[in-house]
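A.B. asks: Take this structure, written in structure tokens, and hold onto it; I'll ask about it next.
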């Protein structure tokens, strides 16, 4: 997948590019808005990742100009400013999604996949890793063709882990993503929830797919195949 | 004496006291002048009579003289008159039967007429009339005015009772006693009214100022329609508002800027940490410490995020992305969490179905999570949590209560303050930032609702989140391009 990434902060650009490349993205990077806008007009990218605050033409102006000229390339905004205002303005101007700094690359990748899928009209919302199949639309999980009954939190957690097999998530990261911001990070709610999911899938061939990483958190076992 | 708090009452009292003392002084003086004038007039009459009476005459004439005296003096018949005549040897020539034995005349007569060195009357020249002397005396029968004269022939004293004068003066006094309090009441009432009318312009000013402060710090009190006397006050107030606004904006811009500036390094830190964490050997020590670092970075980001939201709320720029939210199902989902988060707690829930509100989903979820997580954090061992959600006429109210120790009054007052976390010794072991409640209330208020701590009940704490009907019906036009906040 070919991505244009416009971001002036070199250090942010570095790890984002590294993360994207690991996942098989081809990333064009530029550090100012004017050049970024030119490239966006010239080339056909699968998606754009725009930082709102860049020198030259800022992210929102690029977004506005592109949409005005009829480009409907999926655009994902990066925002470090007032999240809410930017989110609203960006979405109103025609951005497909936004992500607030500080963010996890994994989250960015998931969102990128989502916007590209959406813009391609690809309604395939099936995540398949190992014996597990997760349908995002039907919110249904099957393990070796047997339906697994999950609560909404359990479903979200499993989806979160399955989205990036092999990637390690800390408990806080999981807690924040699934439960929100204000819960006490020292609770064992993540462990309890993972135990419950394991109990439900273990008997039907899912044993060992959610791995505990000692002192860190959890990851979904990577079976080596690319999604 | 306790200081009187009311300006109006003070003014009225002060005017009454001032007018009262003036009136009383004036009354006393005029009373005295009237009395003096009456006595003087009596004295003048007496003098005439004394001179007339003092001439030598036969003894039996005294009686007749006394009878005519009353007419000559112009004294009403009911006023007692007495006459005493003594010859040069001190023998009483005539004494009225009414003569009060208590009347003392010795001081009035100059001395024995015999001892007086009367100049021999030169021929053709009348001797000067002897000067009478006057005195007021109090006896058992009342007050008497005595006039006395010493002539070469006799010593004569005429006493006139002052009872009539005293009675007249009593009437004058009574008039004063009635009139002065009446006038004082009028003065006090007038002063009260005047003070009221001058205060009414201050009240109008207060109203204007109250409106201004309610509408926001950027408002100013209009100066055009103000009374001349208040212009300076208004100017001072406006200057104060300006300083306040500047300081407030600076503070809020500072935290906004700081939060924004912190985000870039935090993003880098988090990104690099995460990348290294993924590359580290699973479960290795380095990965574990990286994960701890990552958690701390997340915590820092959380503080920054909340500070930014708070600074936006302070600047009145917290904008909401309102959608229809089903609070009932949201709360039901959260109940599921409580069971996971705190399996020891007893959970009671009474959630009315179909509680829809227009609101910012992310922010309202944050408020509810904050309330629930507080209820868990500050619960007692083996405690309970109760959540009730109801629709009422004005909107929706959600109550989250939990078993807890008593919250001290000082803590209750400050519980919504930023970074306030109650007794440090008691709450240190509980994770938290002290920003949650403050932010939750700002979010509730930006939804035209409120978040309050209910009055204390023994053994429990209860917060009430109210979202008013404007939240339900009033749908702000969040579409369209928003003017960017000047500093973000």
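Residue numbers (UniProt numbering), protein chains in the order written: chain F, 1 to 227; chain A, 1 to 488.
Positions of the beta carbon are idealized from the N, C-alpha and C atoms, including for glycine.
Bear in mind that the values here come from a model prediction, so they are computed numbers and not experimental data.
For residue 507 (chain A), which of A:70, A:315 and A:84 has the nearest alpha-carbon?
C.D. replies: Absent from the model: residue 507 (chain A). The displayed extent of chain A is 1 to 488, so no value can be given.
A.B. asks: Taking 9 Å as the CB-CB limit, is residue 414 (chain A) close to chain F?
C.D. replies: no
A.B. asks: In chain order, what residues of the same chain lie with their CB nearer than 7 Å to the CB of residue 212 (chain F), ignoring the 5 residues before and after it?
C.D. replies: 218
A.B. asks: Does chain A have any CB closer than 9 Å to the CB of residue 260 (chain F)?
C.D. replies: Missing from the structure shown is residue 260 (chain F); chain F here goes from 1 to 227 and no further.
A.B. asks: Find the nearest neighbour of residue 49 (chain F) within the set F:40, F:207 and F:56, judged by alpha-carbon distance.
C.D. replies: Minimum Cα-Cα distance from residue 49 (chain F) among the listed residues F:40, F:207 and F:56 corresponds to F:40.
A.B. asks: Considering residue 144 (chain A), what are the terminal residues of the beta strand (DSSP E) in which it resides?
C.D. replies: 142-150
A.B. asks: Mind reading off the beta-carbon distance from residue 389 (chain A) to residue 351 (chain A)? Whole number of angstroms is fine, and I expect it under 8 Å.
C.D. replies: 5 Å
A.B. asks: Which full runs of the beta strand (DSSP E) of 3+ residues lie inside the UniProt domain "Response regulatory" (2-116) of chain F, going along the chain?
C.D. replies: 2-6, 26-30, 47-51, 75-79 and 97-100
A.B. asks: What separation, rounded to the nearest whole angstrom, lies between the Cα atoms of residue 163 (chain F) and residue 248 (chain A)?
C.D. replies: 45 Å
A.B. asks: Decide if the segment 215-223 of chain A is in contact with the segment 185-197 of chain A; the criterion is three or more beta carbon pairs, one per stretch, under 8 Å apart.
C.D. replies: no
A.B. asks: Short of 6 Å in beta carbon distance, which residues of its chain neighbour residue 159 (chain A), apart from the five on each side in sequence? Order them along the chain.
C.D. replies: 82, 103, 144 and 146
A.B. asks: For the segment 185-198 of chain F against the segment 261-272 of chain A, are there 3 or more C-beta pairs whose distance is under 8 Å?
C.D. replies: no
A.B. asks: Give me the subset of the segment 330-341 of chain A whose CB atoms are less than 8 Å from a CB atom of chain B, sorted by chain position.
C.D. replies: Looking for chain B here will not work: the only protein chains present are F and A.
A.B. asks: Applying a beta-carbon distance threshold of less than 8 Å, which residues of chain A neighbour residue 80 (chain F)?
C.D. replies: Against residue 80 (chain F), the close residues of chain A are 260, 263, 264 and 267, in the order they occur along the chain (beta-carbon pairs closer than 8 Å).
A.B. asks: Would a C-beta distance cut-off of 9 Å place residue 355 (chain A) and residue 172 (chain F) closer than the cut-off?
C.D. replies: no
A.B. asks: Need the endpoints of the beta strand (DSSP E) that residue 135 (chain F) sits in, please.
C.D. replies: 132-135
A.B. asks: What are the complete alpha helix (DSSP H) segments, minimum 4 residues, inside the UniProt DNA-binding region "OmpR/PhoB-type" (124-222) of chain F?
C.D. replies: If you keep only unbroken alpha helix (DSSP H) runs of at least 4 residues inside the UniProt DNA-binding region "OmpR/PhoB-type" (124-222) of chain F, you get 152-163, 171-179 and 189-201.
A.B. asks: Since residue 132 (chain A) and residue 47 (chain A) are thought to touch, with beta carbons under 8 Å apart, how far apart are those beta carbons, to the nearest angstrom?
C.D. replies: 5 Å
A.B. asks: Reducing DSSP to helix, strand and coil, say where residue 227 (chain A) ends up.
C.D. replies: Here DSSP, grouped into helix, strand and coil, assigns residue 227 (chain A) to coil.
A.B. asks: Using the three-state DSSP reduction, which class does residue 391 (chain A) fall into: helix, strand or coil?
C.D. replies: strand
A.B. asks: Please determine if the segment 309-322 of chain A and the segment 433-442 of chain A are in contact, where contact requires at least 3 C-beta pairs separated by less than 8 Å.
C.D. replies: yes
A.B. asks: In the DSSP assignment, what are the bridge partners of residue 138 (chain A)?
C.D. replies: A:143
A.B. asks: Using a Cβ cut-off of 7 Å, pull out every chain A residue sitting near residue 179 (chain F), in sequence order please.
C.D. replies: 337
A.B. asks: On the CB-based measure, 16 or more other CB atoms within 10 Å of its CB, does residue 57 (chain F) come out buried or exposed?
C.D. replies: buried
A.B. asks: Check the Cβ-Cβ distances between residue 450 (chain A) and every residue of chain F, and say whether any is below 9 Å.
C.D. replies: False, the Cβ-Cβ gap to chain F never drops below 9 Å.
A.B. asks: Evaluate the contact criterion for the segment 452-462 of chain A versus the segment 392-410 of chain A: three or more CB pairs, one atom per stretch, below 8 Å.
C.D. replies: yes
A.B. asks: What did DSSP end up calling residue 346 (chain A) once you bin it into helix, strand or coil?
C.D. replies: strand
A.B. asks: Residue 174 (chain F) and residue 150 (chain F) look like a contact to me (Cβ under 8 Å); what is the Cβ gap, rounded to whole Å?
C.D. replies: Rounded, the Cβ-Cβ distance is 15 Å, inconsistent with contact.
A.B. asks: Just to make sure I have the definition right: I need the residues of chain A whose C-beta is within less than 8 Å of the C-beta of residue 119 (chain F). Which are they?
C.D. replies: Near residue 119 (chain F) there are no residues of chain A at all, since even the closest Cβ is about 22 Å away, more than 8 Å.
A.B. asks: Consult DSSP for residue 32 (chain A) and reduce its assignment to one of helix, strand or coil.
C.D. replies: helix
A.B. asks: Would the beta-carbon of residue 398 (chain A) fall within 9 Å of that of residue 345 (chain A)?
C.D. replies: Contact flag unset, no.
A.B. asks: Taking residue 83 (chain A) as part of the beta strand (DSSP E), name the residues at either end of that continuous run.
C.D. replies: 81-87
A.B. asks: Give every residue of the same chain whose Cβ lies closer than 6 Å to the Cβ of residue 387 (chain A), excluding the five residues on either side of it in the sequence, and list them in chain order.
C.D. replies: Sequence-distant partners of residue 387 (chain A) (beyond 5 residues in either direction) whose C-beta falls short of 6 Å from its own C-beta, in its chain, are 349 and 400.
A.B. asks: Could you tell me which uninterrupted beta strand (DSSP E) segments, each at least 3 residues in length, are contained entirely in the segment 310-336 of chain A, listed from first to last along the chain?
C.D. replies: Entirely contained in the segment 310-336 of chain A, the beta strand (DSSP E) runs reaching 3 residues are, in chain order, 322-326.
A.B. asks: Bridge partners for residue 397 (chain A) per DSSP, in chain order?
C.D. replies: A:390 and A:466
A.B. asks: For residue 251 (chain A), does the three-state DSSP call read helix, strand or coil?
C.D. replies: Here residue 251 (chain A) sits in helix by DSSP.
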